[in-house]
Amino acid sequence: MDTRLLKRLNGQRVVLASKSPRRLDIVKEQIGLDSVEVIGSGFPEDLDKDQYAPFEYVVQTAIRKAIDVYQSEVDADEPPALVLAADTVVVNQGLILEKPVNVEHQIAMLKQLRDAPHPHRVFTGVVAIVPLEKPIAPGYAMESYLGDSKVKFRSDISDEEIEAYAKSGEALDAAGGYKIQGGAKKFVENVEGDVFNVIGLPVGGTIKLIENTFRVAEDSDSESD
Numbered sequence: 008m009d010t011r012l013l014k015r016l017n018g019q020r021v022v023l024a025s026k027s028p029r030r031l032d033i034v035k036e037q038i039g040l041d042s043v044e045v046i047g048s049g050f051p052e053d054l055d056k057d058q059y060a061p062f063e064y065v066v067q068t069a070i071r072k073a074i075d076v077y078q079s080e081v082d083a084d085e086p087p088a089l090v091l092a093a094d095t096v097v098v099n100q101g102l103i104l105e106k107p108v109n110v111e112h113q114i115a116m117l118k119q120l121r122d123a124p125h126p127h128r129v130f131t132g133v134v135a136i137v138p139l140e141k142p143i144a145p146g147y148a149m150e151s152y153l154g155d156s157k158v159k160f161r162s163d164i165s166d167e168e169i170e171a172y173a174k175s176g177e178a179l180d181a182a183g184g185y186k187i188q189g190g191a192k193k194f195v196e197n198v199e200g201d202v203f204n205v206i207g208l209p210v211g212g213t214i215k216l217i218e219n220t221f222r223v224a225e226d227s228d229s230e231s232d
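So the sequence shown is residues 8 to 232, counted in our numbering.
Next up, the structure:
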């Protein structure tokens, strides 16, 4: 990230609209934003999947998460200088896989991913909101980015391995029912694209998104002069 922008943000309030510890680690360790406040969104994530293509679904969900948190904090004594939100789904043979509802559901998901003839896709929609200094509707600049990776599971993973992993409880909170950075890395044959996108937040794309959103905000403020 641009060093001047990074220094500026590390002196201001940055909000991550996600309770995912994986995303928080990426924002801090890979992007370099040290002082990040976590505020989970109240958006129920109930968009009708039949109305959206998978890549549209994650971006639209992230947009709603970002706006929800921004609106809850914009009137605070110190409103955020940046709100960052994200949503990740796994797409296997055209079907969106979010977080499993229980261990049995997770086992079924993992078997589907193992048995799929082609790699599955991992989409992460990332949204950044930066408030404007001038009173211009809607009061903020908002931009989005779509991360897209392909993951191929080994076809020789045994049912016993899958069941043991699911019963470990590691990934009931993860899209697709697995964490590539954890015990499920042994299931993976190949990854195309940013592995951090599979974990939950594409690093390079998010950095460019933040920089671009600040440019858009500055341009909007300048045009109002």
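For every residue, glycine included, the Cβ atom is placed at its ideal position computed from N, Cα and C. Small disclaimer: the values here were computed from a predicted structure and weren't measured.
query                                                                                                          : result
Every unbroken alpha helix (DSSP H) within the segment 82-164, with a cutoff of 4 residues, ordered by chain   : 110-122
Coarse secondary structure for LEU54, derived from DSSP in three states                                        : coil
Span separating the alpha-carbon of ALA73 from that of GLU170                                                  : 36 Å
8 Å CB neighbourhood of GLY146 in its chain, flanking five on each side removed                                : VAL81, PRO138, LEU139
Beta-ladder partner(s) of GLU44, from DSSP                                                                     : VAL22
Proximal residues to ALA182 (C-beta, below 7 Å), its chain only, five neighbours per side dropped              : THR95, VAL96, VAL97, LEU104, GLU105, LYS106
Which residues DSSP lists as bridging ALA34, in chain order                                                    : Here residue 34 is Val; the residue named in the question, Ala, does not match the sequence. BP columns for VAL34 are empty, so no partner.
Rounded separation between ASP32 and ARG222 - CA only                                                          : 25 Å
Reduced DSSP category for ASN204 - H, G, I as helix; E, B as strand; rest coil                                 : helix
Beta-carbon proximity list for LEU12, same chain, < 8 Å, skipping 5 on both sides                              : ILE217, GLU218, PHE221
Proximity of THR68 and GLU44 at Cβ, strictly below 8 Å                                                         : no
Sequence-distant residues of the same chain with beta carbon closer than 7 Å to GLY211, five excluded per side : ASP201
Reduced DSSP category for ASN197 - H, G, I as helix; E, B as strand; rest coil                                 : strand
Where the alpha helix (DSSP H) through GLN67 begins and ends                                                   : 61-80
Own chain residues within Cβ distance below 7 Å of GLN37, not counting five before or after                    : PHE203, VAL210
Helix, strand or coil at GLU177 according to DSSP, with G and I counted as helix                               : coil
Which listed residue (VAL129, ILE136, LYS141) has its alpha carbon closest to that of GLN186                   : Residue identity check: residue 186 is Lys in the sequence provided, not Gln. Comparing Cα positions, the closest option is VAL129.
CB of VAL22 within 8 Å of CB of ILE70, strictly                                                                : no
Closest Cα partner of ALA224 within the set LYS141, LEU91, PHE50, ALA93                                        : LYS141
Limits of the alpha helix (DSSP H) - the one that ILE214 falls within                                          : 210-230
When THR131, PRO126, VAL34 are compared against LEU89, the one with the closest alpha-carbon                   : VAL34
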